[in-house]
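Engineer:
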Amino acid sequence: MTTLGLDIGSRTIKLVVWKSGAIVLTRKALTSYDPLAVCRELLHDAPTGPLVATGYGRHLVKEYLYCETISEIKAFAVGARVVFPSCRTILDIGGQDTKAISLTEDGRIDKFHMNDKCAAGTGRFLEIMATALGLSLGDFMSEALAAKTSHPINSMCTVFAESEVISTIARGIARPAIARGIHQAIAARAVSLLERVSIADDILFAGGVALNHCMQREIENKLGRKVHAPPDPQIIGALGCSLLAGKKV
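In terms of my numbering, the sequence shown opens at residue 100 and continues consecutively.
(1) Could you name the residues that DSSP lists as bridge partners for Lys118?
(2) Out of Leu322, Gly306 and Gly108, which has the shortest C-alpha to C-alpha gap to Ser297?
(3) According to the Cβ coordinates, are Ile252 and Gly280 closer than 7 Å?
(4) Determine whether the beta carbon atoms of Glu167 and Gly336 lie at a separation below 7 Å.
(5) Kindly confirm or deny that the stretch 326-343 and the stretch 228-240 touch, where touching means at least three C-beta pairs closer than 8 Å.
(6) Measure the C-alpha to C-alpha separation of His282 and Tyr155 and round it to an integer number of angstroms.
(7) Does the stretch 112-128 touch the stretch 197-204, meaning 3 or more C-beta pairs lie closer than 8 Å?
(8) If you follow the beta strand (DSSP E) that Phe304 is part of, which residue opens it and which one closes it?
(9) Grab me the residues of Pro134's own chain with a C-beta within less than 8 Å of its C-beta, minus the 5 sequence neighbours each way, in chain order.
(10) Quick check: Thr197 and Gly220, are their CB atoms within less than 7 Å of each other?
(11) Can you give me the C-alpha to C-alpha distance between Gly104 and Tyr163, rounded to a whole angstrom?
(12) Whole alpha helix (DSSP H) runs in the stretch 227-301 with 4 or more residues, listed along the chain?
(13) Which whole runs of the alpha helix (DSSP H) in the stretch 107-178 are 4 residues long or more, in chain order?
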């Protein structure tokens, strides 16, 4: 049986096609101003089958794509256990929100907390900070990884943090130190959210920010624990949807 999952995030839409116990197709595209059109483009010429959607835009597509919808928490809980069966804690940092989820030994949702009221500590926050430093996201990560020292960033409000970074540059602080300080500030915020759930090994790091190796390192340093990032951390929610498609959700 072929089943499909869509995760319609604020920044990126992800499609996963599941068949015979394996992922057979993944696609991603920027959400843009017309997420429904992007979903249709991703689904164009893809294998057909039952579809489940999650994410910010799930309610928008429900009536147009004739699909079931589930919460992001449920989607990530299911998807995480597929890529990492021993997972007990999930940290998802996406484009506009952060989620911390704890699971029971058999994979059921135990507790969860979300920060979706502002962009602080999210992928969008990283993009704005990188731009303030005159760097691409890749170079931003590389400079932070290579930094021997760090300069603390005190504000996590996007507007104030950007002003603080610009002021710090004007004072002659080295760019790598600022970049690392920003990563450490975001890591501290993420760990604070994790501490509101029951942190247990093993920990899975999901979402687009999990592609940032410096962020993974700083979170590990702050936690004092190993954090596992899958090869494609952006598809966890869509994967969970594809597994639940065709079932009573």
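Using N, Cα and C, we set each Cβ at its ideal position, and we do this for glycine too.
Structural biologist: This is what the structure holds:
(1) Answer by DSSP bridge pairing, in chain order: Thr101 and Ala121.
(2) Looking at the Cα atoms, Leu322 is the closest of the given residues.
(3) Going by beta carbons, Ile252 and Gly280 fall inside the 7 Å limit.
(4) Using a Cβ distance threshold of 7 Å, Glu167 and Gly336 do not count as a contacting pair.
(5) Look at the beta carbons and you see the stretch 326-343 not touching the stretch 228-240: under three pairs across the two are nearer than 8 Å.
(6) Between the C-alpha atoms of His282 and Tyr155 there is a straight-line separation of about 26 Å.
(7) In this structure the stretch 197-204 does not lie against the stretch 112-128, because fewer than three pairs of beta carbons, one per stretch, are closer than 8 Å.
(8) Unbroken beta strand (DSSP E) run through Phe304: Ile302 to Ala305.
(9) Once the five neighbours on either side are set aside, the close Cβ partners of Pro134 are Ile107, Ile112, Gly156, Leu159 and Val160.
(10) For Thr197 and Gly220, yes; Cβs fall inside 7 Å.
(11) The C-alpha of Tyr163 is placed about 15 Å away from the C-alpha of Gly104.
(12) If we require 4 residues or more, the alpha helix (DSSP H) runs fully inside the stretch 227-301 come out as 236-245, 257-269 and 274-293.
(13) As far as the stretch 107-178 is concerned, its whole alpha helix (DSSP H) runs of at least 4 residues are 134-142 and 157-164.
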